[in-house]
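Residue numbers (our numbering): 545 to 888.
What follows is a single structure, written as structure tokens, with notes after it.
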Ligand code: NAP
Ligand code: F7E
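See below:
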């Protein structure tokens, strides 16, 4: 029997890689998308409107619980992947209430919809929650594992802690097959342009082709465990194929600083980042997460998962893709040197 999956956040970075993976595995894939005044489907254009293997898109919003119930009743998915969120940490300080509503309570709305439909139909619906290493925040041990206590440092991190615990609570209370992937930072050429890695690769390549001169960044000393998004969606799928639901850290178990990322990205283009990067307090956060380093041994042991793309390969992949984009951008319009893109 063909399996049906519903992905919330299908238009985002991870949603697009997961949709590709599930289509390749023969799933009937449905995606929840928000209505906006523009299409916003760029990351999944190649998967929609392409006949039988198309991803079917449905309008919906994690803020609208009734719509979620209706949609799940209509699709009757075997698996639901909750990837939708206000996912930007810096923005969550500016929009804390909205972040709580979507990222925290949105998870509860979706779980309630699943519980209702599962109770009515008797069909099991497996659930994946996109938990985050941001929940560890001001870390109490390094590396961080599934048992490490949470100390979130942003409204986003706090919202993710709620989403995590409400998922665990529904698993324990209602016997839902619900699993949380505690994913450390993962990037790709499809990463949103205001996250630091993509901001760096976009700027470095625009500088290389003469479209920009400076890159304004915040804390260059922050340390992160950066992996490739394409590897991480495989772990999400593996979690839902297990007989028993559980929570797993997914990470590369390697640490790098923001300045190291700059050095590698600019270096690939024959540039010295110190000549272009300006530290700008506008990009400091009210409370910072200094270091995140995962211990993914449980996922490696139980799921048989391991990352395929190294840090160096990830940087090169992102720089190469953005260099092509910068060349296209330059040929479309002669940009103004020194102009910077709006970034958070
Ligand atoms: P992303 O690129 O920012 O994508 C977020 C998705 O959520 C987009 O499709 C967005 O739609 C959608 N969305 C936002 N608000 C919504 C709402 N109210 N209702 C319905 N959909 C909404 O994020 P990502 O990097 O793919 O991450 C996927 C998930 O993993 C997120 O939950 C994120 O918090 C979590 N996470 C990410 C990382 C990471 O390093 N990437 C690490 C740990 C956890 P639009 O396209 O319309 O904006
Ligand atoms: O920042 C520093 C910044 O915004 C990484 C999300 O996917 O991963 C992501 O959250 C670090 C921070 O990611 C700039 O202060 C310096 O220390 O790329 P980021 P994040 O905050 O780690 C987690 C796991 C998630 O779950 C989130 O959804 O880089 N940094 N200068 C900067 N960051 C940004 N954005 N912009 C700067 O100019």
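All C-beta atoms in this analysis are idealised placements derived from N, C-alpha and C, irrespective of residue type, glycine included.
Using a Cβ-Cβ cut-off of 7 Å (strictly less than) and excluding sequence neighbours within five positions of residue i, which residues of its own chain qualify?
i: residue 705; result: 679, 694, 696
i: residue 824; result: 760, 761, 762
i: residue 591; result: 563, 564, 567, 598, 599
i: residue 860; result: 812
i: residue 850; result: 844
i: residue 639; result: 630
i: residue 607; result: 645, 646, 650
i: residue 619; result: 548, 550, 574
i: residue 578; result: 605
i: residue 612; result: 604, 653, 654, 657
Leaving aside the five residues before and after residue i along the sequence, list all residues of the same chain whose C-beta is less than 8 Å from its C-beta, in chain order.
i: residue 765; result: 801, 802, 803, 834
i: residue 876; result: none
i: residue 820; result: 747, 748, 751, 757, 758, 759, 810
i: residue 869; result: 746, 749
i: residue 799; result: 767, 768, 769, 835, 837
i: residue 690; result: 726, 791, 792, 793, 842
Could you tell me if the beta carbon of residue i falls within a distance shorter than 7 Å of some heavy atom in ligand 2?
i: residue 739; result: yes
i: residue 762; result: yes
i: residue 626; result: no
i: residue 793; result: no
i: residue 842; result: no
i: residue 743; result: yes
i: residue 656; result: no
i: residue 678; result: yes
i: residue 766; result: yes
i: residue 827; result: yes
How far does the alpha helix (DSSP H) with residue i in it reach, from first residue to last?
i: residue 607; result: Taken as a continuous stretch (DSSP letters only), residue 607 belongs to no alpha helix (DSSP H), as it is neither H nor E.
i: residue 859; result: 855 to 876
i: residue 637; result: 633 to 638
i: residue 591; result: Unbroken run through residue 591: none, as it is neither H nor E.
i: residue 792; result: That residue, residue 792, is in no alpha helix (DSSP H); its beta strand (DSSP E) goes 791 to 794.
i: residue 571; result: Here residue 571 belongs to no alpha helix (DSSP H), and DSSP marks it neither H nor E.
i: residue 740; result: 740 to 752
i: residue 646; result: Per DSSP, residue 646 belongs to no alpha helix (DSSP H) and is neither H nor E.
Any heavy atom of ligand 1 closer than 7 Å to the CB of residue i?
i: residue 822; result: no
i: residue 614; result: no
i: residue 578; result: yes
i: residue 800; result: no
i: residue 803; result: no
i: residue 646; result: yes
i: residue 592; result: no
i: residue 636; result: no
i: residue 796; result: no
i: residue 558; result: yes
i: residue 848; result: no
i: residue 730; result: yes
i: residue 631; result: yes
i: residue 554; result: yes
i: residue 736; result: yes
i: residue 584; result: yes
Looking at the unbroken beta strand (DSSP E) that takes in residue i, where does it start and where does it end?
i: residue 626; result: 623 to 626
i: residue 726; result: 722 to 727
i: residue 670; result: 670 to 676
i: residue 697; result: That residue, residue 697, is in no beta strand (DSSP E); it is neither H nor E in DSSP.
i: residue 603; result: 600 to 603
i: residue 759; result: 759 to 761
i: residue 661; result: Taken as a continuous stretch (DSSP letters only), residue 661 belongs to no beta strand (DSSP E), being part of the alpha helix (DSSP H) at 650 to 665.
i: residue 822; result: 821 to 823
Can you list, in chain order, the residues of its chain with a C-beta nearer than 6 Å to that of residue i? Leave out the 5 residues immediately preceding and following it.
i: residue 561; result: 773, 774, 777
i: residue 865; result: 733
i: residue 636; result: 643, 698, 699, 700
i: residue 730; result: 771, 773, 776
i: residue 572; result: 546, 548
i: residue 722; result: 671, 711, 714, 715, 789
i: residue 661; result: 616, 617
i: residue 862; result: 733, 745
i: residue 872; result: none
i: residue 523; result: Nothing in the structure corresponds to residue 523, since the chain is present only between 545 and 888.
i: residue 559; result: 551, 553, 627
Bridge partners for residue i per DSSP, in chain order?
i: residue 552; result: 576, 626
i: residue 688; result: 838
i: residue 767; result: 801, 835
i: residue 730; result: 771
Inset, instruction - Flag this pair as touching only if the stretch 780 to 797 and the stretch 663 to 678 have three or more C-beta atom pairs under 8 Å; answer yes or no. - result: Yes, they touch.
Inset, instruction - Give a yes or no on contact between the stretch 717 to 728 and the stretch 644 to 653, applying the rule of three or more CB pairs nearer than 8 Å. - result: In the pairwise beta carbon analysis, the stretch 717 to 728 is classified as not touching the stretch 644 to 653: fewer than three pairs are separated by under 8 Å.
Legend entry - the stretch 575 to 592 contacting the stretch 601 to 620, beta-carbon criterion three pairs below 8 Å: Under the Cβ criterion (8 Å, minimum of three pairs), the stretch 575 to 592 counts as touching the stretch 601 to 620.
Legend entry - At least three beta-carbon pairs within less than 8 Å, the stretch 613 to 631 to the stretch 548 to 559: Yes: at least three Cβ pairs fall under 8 Å.
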